[in-house]
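Going down the list, the sequences are from chains A and B. Positions 1 to 352 (UniProt numbering) are the ones given, in order, by the first sequence. Positions 1 to 352 (UniProt numbering) are the ones given, in order, by the second sequence.
Number of protein chains: 2
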Amino acid sequence: MSEHPNIQEAKRPERATADTVAKLAGVSRVAVSRAFNPHASLKKEKRDLILKIAKELGYTPDMAGRALVTRRSHLVGVIVPDVCSPWESQEIDALTTALQGEGFATLLFKTRTDQSMDERLLTYMKGFNLDSIIAFAENVSPDTLTHSLGRAVPIYVSYSEDGSLPNQPGSTSVFDRLIVDQKTGIDQAVALMQAYGCRNFAYLGGTTTSLANTERERAFKCIMKERGLPDPLVLQGDYTYETALASTLDLFKVGEGVDGIFSANDVGAFGVIDALRFQLGLRVPEDVKVVGFDDIAQSGWLSYNLTTVKIDLEDRVRALVRLILRRLKDPNAPAMTETLQTRLIVRGTVGS
Amino acid sequence: MSEHPNIQEAKRPERATADTVAKLAGVSRVAVSRAFNPHASLKKEKRDLILKIAKELGYTPDMAGRALVTRRSHLVGVIVPDVCSPWESQEIDALTTALQGEGFATLLFKTRTDQSMDERLLTYMKGFNLDSIIAFAENVSPDTLTHSLGRAVPIYVSYSEDGSLPNQPGSTSVFDRLIVDQKTGIDQAVALMQAYGCRNFAYLGGTTTSLANTERERAFKCIMKERGLPDPLVLQGDYTYETALASTLDLFKVGEGVDGIFSANDVGAFGVIDALRFQLGLRVPEDVKVVGFDDIAQSGWLSYNLTTVKIDLEDRVRALVRLILRRLKDPNAPAMTETLQTRLIVRGTVGS
DNA sequence: TTGTATGCGTTATCAG
DNA sequence: CTGATAACGCATACAA
């Protein structure tokens, strides 16, 4: 019926805009905006009408337009080296759920594990104007993050109370922290192994550049000393099953007599167990006792049934979300901190 | 030095904008825009100057502003019921990497598995103006997706060639599809089990509402018939380890004599194996042979060493990215399709 | 409570 | 090759 029918543009209809709704409702487009912002004042019946028409038209406020003026993107960036490692995927899962509940969407960024974080990814991320950033990758320093990202205050997960962080040259940048106190859980683990007669301990590490690993190793050695136990052997690792398996084979080729192995993560512990059982003909826990770290879902599976130090995932995610929300409420507040405890989950890989 | 020093605003500096760069470079802001769009024509030395100044100022084009006018958000939505299930986390990992390489960021959305997809999530997603959407969740129909989302053409993963899709009432909406031909792999699995003497088969399903499961079960039964084998017992499942374990216990409480179990996914197969070995005192593969589906990384672990039907993750992700890019190049193109093959990976859970 | 005017940061269009 | 101008969709300040 139109004078100039445009065949090409007929196919994919443009999204309804606030003006469309306003026209149909007989109000101004500001009223439409207000209808979608609960705190704005608008006569109830008018709001209801607008919302009804909006629903019919399938109208939703455009986040890009909104972000431009409110300076809030409702986007939270998550930087991970590996989405597919069980612990991280479980954390991302919980985090996404929690953030979604608060109206934020999770933007996933992957760093290449083998390579130091390049600037390109950071400037790329910056363009999205993230409201917050959580760095699970440990090869990117908070300084770099703070400096190269705009409004977002990064959240850094660290594993010791004394504020040690990578590459900080008298850093003045503000960032929030989640501190995991892993000493309690590790002490419980060592106590249990000791009670079951372990004398020769080995520590299977994660990636050497990893802060979590460095601090875990430090805490483990410290506790060994406190308990009057000899220094543990240290095995090279990288948090993967394959490396853990290989390292364990190496260990028993050379140094014999190890009867207790503490792994920096659960997946590594699985590799240790499989090497012992299927390649070395040793029994777990009778011959060698094994403890892991994380308490991922797979640790409860009967084939492994792993005794492990648990970081409570729900607690951890709640703490992260608290940090994000508080920071958004007051962008200029001083650095904030949350602390998390760990505890031992006793299953079948330490016993007699 | 300024006449009206503003103490409050001094703390968090505003992001540099195109105008800032333009002023310092002595050009118009359009030139700055062009400097960041490779296809735009701009004298080389001028572009270099702008890029250099931009780098010094830490300027990056704002995606929100850009999206507003280009109508491209560079955001790809991924809908998943569980990020933490191994197969999905591995797929998300690969997909994020691939998309990042093409300049897209991955936006993660979680659906509650136990509940049908509610409209709120969809309208919420719509606000982000996604360039594309990949639905790994199967409780949301492509019609709903197409209708309630704006420009984005959804990609649907289906498991049969005949176009069967959930809730399609003569659907006219356009959506692209990735079809997984699982029959080849399943046939190889049954052939192998048959060769090792399996006579009484059981099928452990995934979630009953899952399309993948429905088609997997149909294919399995069809192949059984083709090979002159009796109808398999069907066990209820939901893709989880725990349910698989419980279902297997139930199975051997009642119906004895099952000597071959095919699980709709690998994690389920792990549950089956653990139930057989640790709770029922049966040997795998000597007493019962087990085959899984997916070939997740954990299937190679020695404790399970699972024979399984593999979907090639890299192929799958490449196909998805191809679909996205082609659709963006031509938004009005007719529905597109990619097909994927499956094949058996032989390990230790079928043998003698 | 409501509407008008303005600006957020960018690119498309068009004129030079 | 370059610059001025308008537009994208929205929320805020201000005036009514």
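For glycine and all other residues, C-beta sits at the position ideal for the given N, C-alpha and C. Here the structure is a predicted model, which means the values were calculated and not measured.
- With contacts defined as CB atoms closer than 7 angstroms, B/Leu-108 and A/Thr-96 qualify as a contacting pair.
- When CB distances to chain A are screened at a threshold of 7 angstroms, the residues of the region 329–344 of chain B falling below it are Pro-331 and Asn-332, in chain order.
- Per DSSP, A/Gly-77 is one residue of the beta strand (DSSP E) stretching across 75–80.
- Between A/Thr-349 and chain B, the shortest Cβ-Cβ separation is not below 7 angstroms.
- Residues of chain A with a Cβ closer than 7 angstroms to the Cβ of B/Val-83 are, in chain order, Ser-89, Ile-92, Asp-93 and Thr-96.
- Taking CB atoms only, A/Pro-38 has no neighbour in chain B less than 7 angstroms away.
- Closer than 7 angstroms to the CB of B/Leu-302 there is at least one CB belonging to chain A.
- Spatial neighbours of B/Leu-211 in its own chain (CB-CB distance under 7 angstroms, excluding positions within 5 residues in sequence) are listed in chain order as Glu-138, Ser-158, Tyr-159 and Pro-166.
- For the pair of segments examined, the region 270–278 of chain B was found not to touch the region 326–341 of chain B: the number of CB pairs separated by less than 8 angstroms stays below three.
- B/Gly-257: not part of any alpha helix (DSSP H); DSSP gives it neither H nor E.
- Inter-residue distance for B/Arg-15 and B/Asn-305 is about 53 angstroms (C-alpha atoms, whole angstroms).
- Between A/Leu-42 and A/Ala-25, the beta carbon gap of about 12 angstroms keeps them out of contact (Cβ cut-off 8 angstroms).
- Here B/Gly-197 is exposed. Its C-beta has fewer than 16 other C-beta atoms within 10 Å.
- In the structure shown, A/Ala-264 adopts coil according to DSSP, grouped into three states.
- In this structure, the alpha-carbon of A/Glu-314 lies about 21 angstroms from that of A/Ala-264.
- Note on B/Thr-339: under 16 other CB atoms within 10 angstroms of its CB, so exposed under the neighbour-count rule.
- For A/Leu-51, no CB of chain B lies under 7 angstroms from its own CB, so it is not counted at the interface with that chain.
- For B/Asn-129, the residues of chain A that pass the 9 angstroms Cβ criterion are Arg-15, Asp-62, Met-63 and Ala-64, in the order they occur in the chain.
- Of the residues assessed, B/Gly-205 falls on the buried side of the cut-off, its CB having 16 or more other CB atoms within 10 angstroms.
- Per DSSP, the unbroken beta strand (DSSP E) holding A/Phe-201 starts and ends at 201–204.
- For the region 261–279 of chain B, the residues whose beta carbon sits under 7 angstroms from a beta carbon of chain A are, in order, Phe-270, Asp-274 and Phe-278.
- Nearest neighbour of A/Phe-175 by Cα position, chosen from A/Leu-145, A/Phe-201 and A/Ala-189, turns out to be A/Leu-145.
- Residues of chain A with a Cβ closer than 9 angstroms to the Cβ of B/Leu-107 are, in chain order, Leu-75, Ala-105, Thr-106, Leu-107 and Leu-108.
- Bridge pairing for B/Val-180: B/Leu-340 [DSSP].
- Contact with chain B is found for A/Ala-67, since one of that chain's Cβ atoms lies less than 7 angstroms from the residue's Cβ.
- By the rule that beta-carbons nearer than 7 angstroms mark a contact, A/Lys-310 does not touch chain B.
- Using a CB distance cut-off of 7 angstroms, B/Lys-126 counts as an interface residue toward chain A.
- Within chain A, the residues placing a beta-carbon under 7 angstroms from that of B/Thr-123 are Thr-60, ordered along the chain.
- Per DSSP, B/Leu-99 is one residue of the alpha helix (DSSP H) stretching across 86–101.
- Contact between the region 62–72 of chain B and the region 52–71 of chain A is present: three or more C-beta pairs spanning the two stretches fall below 8 angstroms.
- Taking the Cβ atoms as the reference, B/Val-76 lies roughly 11 angstroms from B/Ile-92, outside the contact range of under 8 angstroms.
- Within the model, the alpha-carbon separation for A/Arg-327 versus A/Tyr-156 is close to 13 angstroms.
- Cβ-Cβ distances below 6 angstroms link B/Phe-252 to Leu-280 in the same chain, with the five nearest sequence neighbours on each side left out; the list follows chain order.
- Note on B/Asp-238: 16 or more other CB atoms within 10 angstroms of its CB, so buried under the neighbour-count rule.
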